[in-house]
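>
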Amino acid sequence: MKRVTVLFVVIILAVILVFVLQKAGLWKTITAEDLEASIEVVDVDTFWTDKYYQPWPPRLILVPAISFRVKNVTDQPLKYINFNANFRFMGDFENLGDAFLAAIRNDPIPPGEKSDVITLKSNYGVEG
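As numbered in this note's numbering, the sequence shown has no gaps in its residue numbers, which increase by one up to the final residue, 136.
Quick look at the structure:
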């Protein structure tokens with residue numbers, strides 16, 4: 009019972025700490041508009057790539073993919089950016105698959121610089 013009480017107190021203190029930091033302006037999240045103004049997506053390439061290949065019996069699964077680089081157009085380094093892609097044909101609303109990638113994590117992008125190539129592959133494909 010004592011462990012549960014201690015755990016409960018720690019959780020309450022953590023919630024209070026996060027609330028205070030957020031109200032004090034020390035814990036800020038970037039808005040979608042600020043993020044859009046701080047990066048530029050360059051060198052975009054879309055293509056189909058193999059997800060699975062089996063020589064015998066012959067089997068090939070192709071998935072849509074996109075590769076690009078991100079350019080930092082701010083005066084601060086970009087430290088953390090996640091990417092989510094939904095793949096579909098132009099003008100069509102049917103989802104061909106999706107992908108999520110936490111691409112920018114350990115090596116921040118300095119101001120004015122470009123990231124390494126980031127590639128997102130769909131989790132669903134077509135068998136050919």
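Where is the CB? At the ideal position from N, CA and C, for every residue including glycine.
Pull up the distance between the alpha-carbon of T54 and that of I126, whole angstroms please.
The alpha-carbon atoms of T54 and I126 are separated by roughly 12 Å.
> Can you grab the Cα-Cα spacing for the pair V23 / A40, in whole Å?
Each residue's Cα considered, the two are about 25 Å apart.
> Give the range of the alpha helix (DSSP H) segment to which S46 is assigned.
Note, S46: alpha helix (DSSP H), 40–46.
> Just the Cα atoms here: how many angstroms apart are L43 and R77?
Taking the straight line from one Cα to the other gives about 15 Å.
> I need the DSSP call for K87, collapsed to helix, strand or coil.
DSSP places K87 in coil when its eight states are reduced to three.
> Determine the extent of the beta strand (DSSP E) in which F108 is found, giving its start and end residues.
Where F108 is concerned, the enclosing beta strand (DSSP E) stretches over 105–112.
> Tell me the DSSP secondary structure of V52 in three-state form.
The answer is strand: DSSP assigns V52 an E or B state.
> Under the assumption that L128 contacts A73 (Cβ atoms under 8 Å), give the Cβ distance between them as a whole number of angstroms.
Confirmed, about 6 Å.
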